[in-house]
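Numbers 3 to 180, taken from my numbering, label the letters of the sequence shown in order. Please read the structure below before turning to the comments.
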Amino acid sequence: FKLLPEQVEALVEILSAAPNARLHLIPHIDANVRDALQERLGERLKKAGGDPRSQLVMHPLLPLAEFRGLAANCDLGLDSCGWSGGMSALDQLGEGLPVLSLPGASMRSRQTAALLEQLDVPELIACDLADYCARALKLIADPGACEVLRARIVANRERLYNTAPVQRAFADFLAHAP
């Protein structure tokens, strides 16, 4: 439900342009939903010249330790567009994984971008879907750039967990809310 048709097309564009890339998805607890997405995304990818068998990996819901382990072994995370990953992104960033985000108009679509701003990695925030694809492909082609981003995320990740400023701001908001 988080993968809108526009993002499916963006994923197909990215994967077809990067034949050695592999996309790991944890789309739903229900195997039928995973299978339907695998088929739909696989058909689109195959038509675009990609290889669904080697490029798409569907996972069931993973325990947190396994999810974080998967994140630690990936090179780049792709935040869902229009419905930001939020907690997933927080867990991925906690492992140092660079996560590419495309913030939208709603607060819900800007959570990962806000985390990236806290971490001082604005190069992971795209301005539109074409920019999202271009940034993804640039990072896929340059593992060294991903490692530089990973190092900066790890160096700054304490900013995500040091909540005193957030608590003060929230308390101030509540004190002045009507």
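Built from N, CA and C at the ideal position, the CB exists for glycine as well. Computed from a predicted model, the values in this text were never measured in an experiment.
Sequence-distant Cβ neighbours of residue 176 in its own chain, meaning closer than 8 Å and more than five residues away, do not exist here. With a minimum length of 4 residues, the unbroken runs of alpha helix (DSSP H) contained wholly in the segment 110–161 fall at 113–120, 131–143, 145–158. In the DSSP annotation of this structure, residue 61 is not part of any beta strand (DSSP E), being labelled neither H nor E.
For residue 26, the enclosing beta strand (DSSP E) covers residues 25–27. Following the DSSP letters along the chain, one finds residue 30 in no alpha helix (DSSP H), marked with neither H nor E. Residues of the same chain with a CB within less than 7 Å of the CB of residue 127, apart from the 5 flanking positions on each side, are 103, 105, 115, 118 in chain order. Secondary structure at residue 82: coil, using DSSP grouped into helix, strand and coil.
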